[in-house]
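S.K.:
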Amino acid sequence: MKKAKLLVLAGLLVSLALAGCQTATPAPTEAPPEPTEAPTEVPEPTEVPAPELSPETAAILEPAAAYFGEDFKLITAEALYENLNDGDDSNDPYIIDIRKAEDYQVGHVPGAVNM
0 MKKAKLLVLA GLLVSLALAG CQTATPAPTE APPEPTEAPT EVPEPTEVPA PELSPETAAI
60 LEPAAAYFGE DFKLITAEAL YENLNDGDDS NDPYIIDIRK AEDYQVGHVP GAVNM
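Following numbering that gives the first Met the number 0, the numbering of the sequence shown begins with 0 at its first residue and continues without gaps.
Structure below.
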């Protein structure tokens with residue numbers, strides 16, 4: 000009886016070892032899609048209408064525009080990114096970062112000055 004239990008246990012261990020050592024069959028890979036011709040015609044950029052301002056934003060921008068006068072320019076983050084990465088350093092704005100020094104060290108716009 001004892002030998003039978005040992006044989007069953009040994010058989011179970013061998014089957015577990017064989018099942019555990021099997022490698023998974025790799026998933027079949029699909030062939031890459033055939034390259035398509037890229038359109039050579041570049042569409043003309045369309046002018047994006049200015050978004051309507053919320054009352055909260057208007058309440059902030061109106062006094063700011065009065066303070067800075069007509070030379071006050073507001074640009075989007077995307078426009079700033081394009082301006083900074085166009086390769087022309089002469090048109091880069093002077094950026095002042097007024098956050099805490101610890102926050103500035105974590106990350107800031109390249110070329111920004113912390114005050």
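Even glycine gets a Cβ: it sits at the ideal position worked out from N, Cα and C. Predicted model, so just to flag it, every value in this text is computed and none were measured.
What residues are listed by DSSP as bridge partners for Ile-95?
M.R.: Ile-95 is bridged to Val-112.
S.K.: Tell me the rounded alpha-carbon separation between Leu-15 and Lys-2.
M.R.: When rounded, the distance between both Cα atoms is 20 Å.
S.K.: Indicate the three-state DSSP secondary structure (helix, strand or coil) for Asp-102 in the structure shown.
M.R.: Residue state, collapsed to three classes: helix.
S.K.: Mind the definition here: the stretch 84-101 touches the stretch 57-70 only if three or more C-beta pairs lie below 8 Å; say whether that holds.
M.R.: The stretch 84-101 is not in contact with the stretch 57-70.
S.K.: May I have the straight-line CA-CA distance separating Asn-90 from Gln-104, to the nearest angstrom?
M.R.: Looking at the two C-alpha atoms, the distance is approximately 25 Å.
S.K.: Tell me whether Ser-14 sits in a helix, a strand or coil according to DSSP, three-state version.
M.R.: It is helical.
S.K.: Give the range of the alpha helix (DSSP H) segment to which Thr-56 is assigned.
M.R.: Looking at the DSSP string, the run of the alpha helix (DSSP H) that includes Thr-56 is 54-67.
S.K.: Taking Cβ to Cβ, would you say Met-114 is nearer than 9 Å to Asp-96?
M.R.: Contact: yes.
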